[in-house]
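Chemist:
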């Protein structure tokens, strides 16, 4: 490919890329099989290719491996999920109770991803009026990781039903680190082009992108 | 491809995907040529394939087309950029002053992307303890849009050096909308695999992903 031209991507590649995006799911049902460590590390390395505000690279990854750290994370999720359930009533409460919202009991790899809000890398460029840009940079990195995993046949599940302050204590992270998410990784029980929340009738997709003009 | 197997992506596709991520840049130098509307809309449509917390799809797009709206956005950036420059001293101040941090004078397409923090879609699932998940969903969508643009030979520049409150007034958006970013889109003056901030010596990339284990 000629970098100066930028035209080296083909229609076939663009179709495959769109298909990859269509097949990227938030996975909550994992096989317990160990995953290929080399493939996992290749995907983690994609994080470095993400955009970051001022080149601050504020992403920080914690591999959660010990039984005690995993048990604390699971307890955290279960408490937050019970609280969330208590906030629904009627049909919505029944549906919520039936949902499987994390694969933490089965996923062979689990990581917490943080943003270092206190990093001096990048000297604050681009983050003066919108300091949340550092966190957005970490989300950008997570998307590259996620697409890379799916291209390897691996699934990722993003768990946000958590008390972040409790997780920070359990994982003993520096005070300026902000939790972006807790992630389960492994081979999915099955692949699909339809989000599980849509399959079970929790919510439908809109089908269009809302665009206005000024 | 057999969706049940999920193994349909080839080594060649994974190499092209990594190359796409390597060549995705934050672009500030655009040709003024109009871009292909169909390609632009195909990329905007990729937003629908993004993950969103609880299937809330909180992304809202405003195409900034009028001279008055563009002039207001440019004025906003220039004021915020002058304020930011005043925060640096010495060599860093000199380097900052020499940076080109937005392509707003040239980019043929410009959009503001918002998060509707007040949306009822998704019924709040996954966002009780971490309401910022809605904003992260919008960032996830922006990444799919960005990769899609680059695969079409188009560049995107993310402008965050802005007063969000002023932009909300200028674009007259609902009060519960949160600005995620202002984006320039067009054909880049040139393609590169190296971030411009690295090329000009503002900051270097670390070269590894910081990973700890618990």
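Protein chains in written order, with my numbering: chain A, 1 to 214; chain B, 215 to 428.
All C-beta atoms in this analysis are idealised placements derived from N, C-alpha and C, irrespective of residue type, glycine included.
Using 8 Å for Cβ pairs, my map puts residue 401 of chain B next to residue 368 of chain B. What's the rounded Cβ distance?
Modeler: That pair is a contact at about 6 Å.
Chemist: Which residue's Cα is closest to the Cα of residue 88 of chain A: B:234, B:342, B:378?
Modeler: Closest by alpha carbon: B:342.
Chemist: Measuring straight from C-alpha to C-alpha, what distance separates residue 291 of chain B and residue 379 of chain B?
Modeler: Computed Cα separation, rounded: 12 Å.
Chemist: Looking only at its chain, what residues have a beta carbon closer than 7 Å to the beta carbon of residue 70 of chain A, apart from the 5 residues adjacent to it on each side?
Modeler: Taken in chain order, the residues that qualify are 64, 110.
Chemist: Which residues of the region 55-78 of chain A have a Cβ closer than 8 Å to any Cβ of chain B? Give them in chain order.
Modeler: Those would be 55, 56, 57, 59, 60, 61, 62, 63, 64, 65, 66, 69, in chain order.
Chemist: Give, in chain order, every unbroken run of the beta strand (DSSP E) that is at least 3 residues long and sits entirely within the region 354-385 of chain B.
Modeler: For the region 354-385 of chain B, whole beta strand (DSSP E) runs of length 3 or above, ordered along the chain, are 369-373.
Chemist: Which residues does DSSP list as the beta-bridge partners of residue 26 of chain A?
Modeler: Paired residue(s): A:156.
Chemist: In chain order, what residues of the same chain have a beta carbon less than 7 Å from the beta carbon of residue 332 of chain B, not counting five sequence neighbours either side?
Modeler: Once the five neighbours on either side are set aside, the close Cβ partners of residue 332 of chain B are 390.
Chemist: I'd like the list of long-range same chain contacts for residue 268 of chain B, defined as Cβ closer than 7 Å, with 5 residues on each side in sequence excluded.
Modeler: Within the same chain, residue 268 of chain B has close Cβ partners 336, 337, 338, 339, 340, 341.
Chemist: I'd like to know whether the C-beta of residue 35 of chain A is nearer than 9 Å to at least one C-beta of chain B.
Modeler: So, not an interface residue.
Chemist: List, in chain order, every chain B residue whose beta-carbon is nearer than 9 Å to that of residue 194 of chain A.
Modeler: Here the premise fails: no neighbours, minimum Cβ distance about 10 Å.
Chemist: Please state the DSSP three-state secondary structure of residue 269 of chain B.
Modeler: Correct three-state label for residue 269 of chain B: helix.
Chemist: Within the same chain, show all residues whose beta-carbon is closer than 7 Å to that of residue 193 of chain A, passing over the 5 residues directly before and after it, in chain order.
Modeler: Cβ neighbours of residue 193 of chain A beyond the five flanking positions: 22, 23.
Chemist: Would you report the Cα separation of residue 174 of chain A and residue 423 of chain B, rounded to the nearest angstrom?
Modeler: About 17 Å.
Chemist: Do you know how far the Cα of residue 232 of chain B is from the Cα of residue 223 of chain B?
Modeler: Going from the Cα of residue 223 of chain B to the Cα of residue 232 of chain B covers about 13 Å.
Chemist: How far does the alpha helix (DSSP H) with residue 65 of chain A in it extend, from its first residue to its last?
Modeler: Taken as a continuous stretch (DSSP letters only), residue 65 of chain A belongs to no alpha helix (DSSP H), as it is neither H nor E.
Chemist: What are the boundary residues of the beta strand (DSSP E) that residue 330 of chain B is part of?
Modeler: Here the beta strand (DSSP E) through residue 330 of chain B covers 323-330.
Chemist: Report the option in A:95, A:68, A:62, A:52 whose CA atom is closest to the CA atom of residue 141 of chain A.
Modeler: The shortest Cα separation from residue 141 of chain A among A:95, A:68, A:62, A:52 belongs to A:52.
Chemist: For the beta strand (DSSP E) containing residue 397 of chain B, list its first residue and its last residue.
Modeler: Here the beta strand (DSSP E) through residue 397 of chain B covers 391-400.
Chemist: Consider the Cβ of residue 341 of chain B: report whether some Cβ of chain A lies at a distance smaller than 9 Å.
Modeler: So yes, residue 341 of chain B belongs to the interface.
Chemist: Quick check on residue 83 of chain A - is its C-beta less than 9 Å from some C-beta in chain B?
Modeler: Interface residue, yes.
Chemist: One question on the structure: do residue 276 of chain B and residue 214 of chain A come within less than 9 Å of each other, judged by their Cβ atoms?
Modeler: Cβ distance < 9 Å, so residue 276 of chain B and residue 214 of chain A count as in contact.
Chemist: Does the CB of residue 38 of chain A have a neighbour CB from chain B at under 9 Å?
Modeler: Cβ-Cβ to chain B under 9 Å: no for residue 38 of chain A.
Chemist: Which value, in whole angstroms, describes the spacing of the CA atoms of residue 199 of chain A and residue 94 of chain A?
Modeler: Distance between the alpha carbons of residue 199 of chain A and residue 94 of chain A: 16 Å.
Chemist: Tell me, please, which residues DSSP counts as bridged to residue 437 of chain B.
Modeler: In the structure as shown, chain B begins at 215 and stops at 428. Residue 437 of chain B is therefore absent and cannot be evaluated.
Chemist: Just tell me which of A:195, A:150, A:156 has its CA closest to the CA of residue 16 of chain A.
Modeler: When only C-alpha atoms are compared, the closest one is A:150.
Chemist: Could you tell me whether the Cβ of residue 92 of chain A comes closer than 9 Å to any Cβ of chain B?
Modeler: By this cut-off, residue 92 of chain A is an interface position.
Chemist: Just verifying my parser: in three-state terms, what is the DSSP assignment at residue 299 of chain B?
Modeler: Helix.
Chemist: Using a Cβ-Cβ distance under 9 Å, would residue 104 of chain A count as near chain B?
Modeler: With 9 Å as the cut-off, residue 104 of chain A does not count as an interface residue toward chain B.
Chemist: Determine whether the beta carbon atoms of residue 258 of chain B and residue 147 of chain A lie at a separation below 9 Å.
Modeler: Not in contact: residue 258 of chain B and residue 147 of chain A (Cβ atoms no closer than 9 Å).
Chemist: Below 8 Å between beta carbons is the criterion; list the residues of the region 329-358 of chain B that meet it against any residue of chain A, in chain order.
Modeler: The region 329-358 of chain B vs chain A, Cβ under 8 Å: 335, 336, 337, 338, 339, 340, 341, 342, 343, 344, 346, 347, 349, 350, 353, 354, 356, 357, 358.
Chemist: Could you tell me whether the Cβ of residue 185 of chain A comes closer than 9 Å to any Cβ of chain B?
Modeler: Chain B contact via Cβ: absent.
Chemist: Quick check on the DSSP output: the alpha helix (DSSP H) that includes residue 197 of chain A runs from which residue to which?
Modeler: Note, residue 197 of chain A: alpha helix (DSSP H), 196-199.
Chemist: Helix, strand or coil for residue 407 of chain B? Go by DSSP, reduced to three states.
Modeler: Coil.
Chemist: Among A:101, A:167, A:185, which one has its Cα closest to the Cα of residue 107 of chain A?
Modeler: The candidate whose alpha carbon is nearest that of residue 107 of chain A is A:185.
Chemist: Does the CB of residue 164 of chain A have a neighbour CB from chain B at under 9 Å?
Modeler: Chain B, which has a Cβ nearer than 9 Å to the Cβ of residue 164 of chain A, makes this yes.
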